[in-house]
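To start, the structure itself, in structure tokens.
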Amino acid sequence: VKDEVWARDGGQCAFVPPDGRRCPEREGLEFDHIMPWALGGRSFDPRNIRLLCRGHNQDRARRMFGERRRREPAD
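Residues in the sequence shown are numbered consecutively from 482, following this note's numbering.
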């Protein structure tokens, strides 16, 4: 699946903002579940996976799931 997604996305971040200009990033790419795995998205279906740069993947995760809470150190 990863090879298929990489080839389909051309080894480039697949994020396209409203201005229509696709993100040019080609380094630090991550495989993103369009329908998140945590919400039942499938990992073995290339239609549910795309390449995103780390920044766009983290931004999407924050918007979908909120900020991670920092754990307080145990006393």
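Note that CB positions come from ideal geometry on N, CA and C, so glycine has one too.
Original post:
Does the Cβ-Cβ distance between Arg541 and Leu532 come in under 8 Å?
Top reply: Walking along the sequence shown from the start, residue 541 turns up at place 60. Walking along the sequence shown from the start, residue 532 turns up at place 51. No. Outside cutoff.
**OP:** Drop a sphere of 10 angstroms on the beta-carbon of Leu510, count the other beta-carbons inside from all chains shown, and report buried for 16 or more, exposed for fewer.
**Re:** In the sequence shown, the residue the question calls residue 510 occupies position 29. Around the C-beta of Leu510, 16 or more other C-beta atoms lie within 10 Å, and the residue is accordingly described as buried.
Subject >> Cβ pair Cys504, Phe512 closer than 8 Å >> reply: As a working mapping, residue 504 is identified with position 23 in the sequence shown. As a working mapping, residue 512 is identified with position 31 in the sequence shown. Between Cys504 and Phe512, the C-beta spacing is not below 8 Å.
**OP:** Could you tell me which residues DSSP puts in a beta bridge with Arg531?
**Re:** The residue given as residue 531 occupies position 50 in the sequence shown. Per DSSP, Asp513.
Original post:
From what residue to what residue does the alpha helix (DSSP H) around Glu631 run?
Top reply: Absent from the structure is residue 631, since the part of the chain shown begins at 482 and ends at 556.
**OP:** Please list, in chain order, all residues of the same chain as Asp526 whose beta carbon is under 8 Å from its beta carbon, the five residues on each side excluded.
**Re:** Position 45 of the sequence shown, counted from the start, is the residue given in the question as residue 526. Only Val482 meet the Cβ criterion.
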